[in-house]
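*Asks:*
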Amino acid sequence: MFRFRRLLHTLRDRTPLGLLQLNHDRLRLLTAIAGITFADVLIFMQLGFADALYRTNTQYPRTLQTDLVMISNQADNFNELQTFSRRRLYQALDVPGVKSVDTLYVSSVQWRNPQTREKTPMLVIGQDPHRVALDLPVVNQQLDQLTLPNTVLFDQKSRGRYDQMVEQVERGELVTTEIGTNTVTVTGLFSVGASFADDGALMTSTETFLRLFPKRQANTPSMGLIYLQPDADPESVREMLSDYLPDDVLVFTNEEYVQFEIDYIQRRSPIGFVFGLGTVMGFIVGTVIVYQVLSTDVNSHLAEYATFRAMGYRQRYLLGVIFEEALILSVLGFIPSLAIALGAYRLTAFATALPIFMPVGRAVFVFVLTLVMCSFSGVIAARRLQAADPADIFA
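Numbering (full-length UniProt numbering), first residue to last: 1 to 395.
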């Protein structure tokens, strides 16, 4: 306790030399703050876009109401599922623990915006309207509407202008538009959100899906949903299915399938690599800027540092001054970057309908990253203190 109080008194009575040196050259200080802010905003945006990419690519896989998922071994992600033979699902019924199976049909299509008449890409999901496939309560409450031919449910969080159409549907009016040569009727709404690949989504029945995609066959689904007996262990049944079925299909538990989607983005998707590279580049840019500022500051005050050493101050004290400057720069640069990033997130979410927001964990992570960035720059700049030799000044 005594040592802690002594440390507090020391810090309180200590002259804030680092702050005074930074404040001595206001232009240099503002330049450093602007550089760190730029680097932090770049990191914030790259992390925000990457998180939005992960969320949008897994927003439907996370809602699957099933025990096991079957997909083609040629599938890349939910937006690029390849078809496989429905015979594989019938074969899965032979495995102990499997109770029933169902199919899901997924593809993208150009649909005409009923309000603007422009064509935009939409994800279309076809399912059995008599059976719940997704954990989307609003959709499940309207499944009976999909039993009618050429009817769809529309994602009202889709990217684009749909305010008038949404109001019409909410009033109970039927809205019609075209998909290819087919006329479809929007009978209901739900809310999920756009993705990087599609502006939104439409939910429909298997029969309507096959009408919209005449080249698709009912015996070639995009995804198989496997339901197990209540006492069956999903992982054990998954292993038995993997051994029993031919290698043209893959079987996952729900958690494994979501991870499969994320792994694709991280390892095989070029856009995932770009966001990761952008984060690294932001860190490097910030490190270089802070190093230049601290290094210039050390050179400018080299004689003063040498005088301190001649007066008996240890190298540790001088290093403390450098790290004090680094800490101050990291805080002063982080605060405006956080404010700018919050505004940029809101603007991006409004313009693109992507789920981009600022969780507390990301703000803390970027702040810690900023501290590391500035501290690392301080370590490099502190090497210049070795040139602060009192003998050269008083010779």
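Just so it is clear, CB atoms sit at the ideal spot from N, CA and C, and this is done for glycine as well.
(1) Whole angstroms is fine: what's the gap from Lys157's alpha carbon to Met122's?
(2) Which term fits Ala381, buried or exposed, when burial requires 16 or more other beta carbons within 10 angstroms of its beta carbon?
(3) Is Gly126 helix, strand or coil by DSSP?
(4) Does the Cβ of Glu235 have 16 or more other Cβ atoms within 10 Å, making it buried, or fewer, making it exposed?
(5) Return the chain-ordered list of same chain residues with a C-beta closer than 6 Å to the C-beta of Ile179, the five sequence neighbours on each side being excluded.
(6) According to the Cβ coordinates, are Thr66 and Ile226 closer than 8 Å?
(7) Please say whether Ala34 and Asn286 have beta carbons closer to each other than 8 Å?
(8) Output the distance between the C-alpha atoms of Thr56 and Ala197, rounded to the nearest integer angstrom.
(9) So, for Leu11: in the same chain, excluding its five sequence neighbours on each side, which residues have a beta-carbon less than 6 Å away from its beta-carbon?
(10) Grab the span of the alpha helix (DSSP H) containing Phe357 for me, first residue to last.
(11) Locate the beta strand (DSSP E) running through Asn254, then write down its first and last residues.
(12) Taking only three categories from DSSP, how would you classify Leu246?
(13) Which term fits Val69, buried or exposed, when burial requires 16 or more other beta carbons within 10 angstroms of its beta carbon?
(14) Quick check: the Cα distance between Phe4 and Thr58, rounded to an integer number of angstroms?
(15) Whole angstroms are fine: how far does the CA of Ser269 sit from the CA of Phe44?
(16) For Ser108, does the three-state DSSP call read helix, strand or coil?
(17) Helix, strand or coil for Thr181 per DSSP?
(18) Give the straight-line distance between the Cα atoms of residue 457 and Gly188, rounded to the nearest whole angstrom.
(19) Would you call the region 157-171 and the region 348-359 touching, i.e. three or more CB-CB distances under 8 Å?
(20) Three-state secondary structure (DSSP) at Ser375?
(21) Inspect the beta-carbon positions of Gly97 and Gln259 and report whether they are closer than 8 Å.
(22) Please state the DSSP three-state secondary structure of Leu30.
(23) From which residue to which residue does the alpha helix (DSSP H) around Phe209 run?
(24) Quick check: what's the CA-CA separation for Val124 versus Leu27?
(25) In three-state terms, what does DSSP make of residue 399?
(26) DSSP three-state call for Asp233: helix, strand or coil?
(27) Is Ala381 helix, strand or coil when you go by DSSP?
*Replies:* Put simply:
(1) 12 Å
(2) buried
(3) strand
(4) exposed
(5) Val109, Trp111 and Leu212
(6) yes
(7) A small correction: the amino acid at residue 286 is Gly; Asn does not occupy that position in the sequence shown. Cβ distance not < 8 Å, so Gly286 and Ala34 don't count as in contact.
(8) 9 Å
(9) At Leu11 the pLDDT is 40, less than 50, meaning the model places this residue with poor confidence; the figure from the coordinates comes in the next sentence. Cβ within range, chain order: n/a, list empty.
(10) Careful: Phe357 lies outside any alpha helix (DSSP H) and carries neither H nor E.
(11) That residue, Asn254, is in no beta strand (DSSP E); its alpha helix (DSSP H) goes Asn254 to Asp263.
(12) In the sequence as presented, Leu is not what sits at residue 246; that position holds Pro. Correct three-state label for Pro246: coil.
(13) buried
(14) Here the model assigns Phe4 a pLDDT of 41, short of 50, so the residue's position is not dependable, and the following value carries that caveat. Each residue's alpha carbon lies about 50 Å from the other.
(15) 20 Å
(16) strand
(17) coil
(18) The displayed coordinates of the chain run from 1 to 395. Any statement about residue 457 would go beyond what the structure contains.
(19) yes
(20) helix
(21) no
(22) helix
(23) Thr206 to Leu212
(24) 56 Å
(25) No information on residue 399 is available, as it lies outside the stretch 1 to 395 that the chain covers here.
(26) coil
(27) helix
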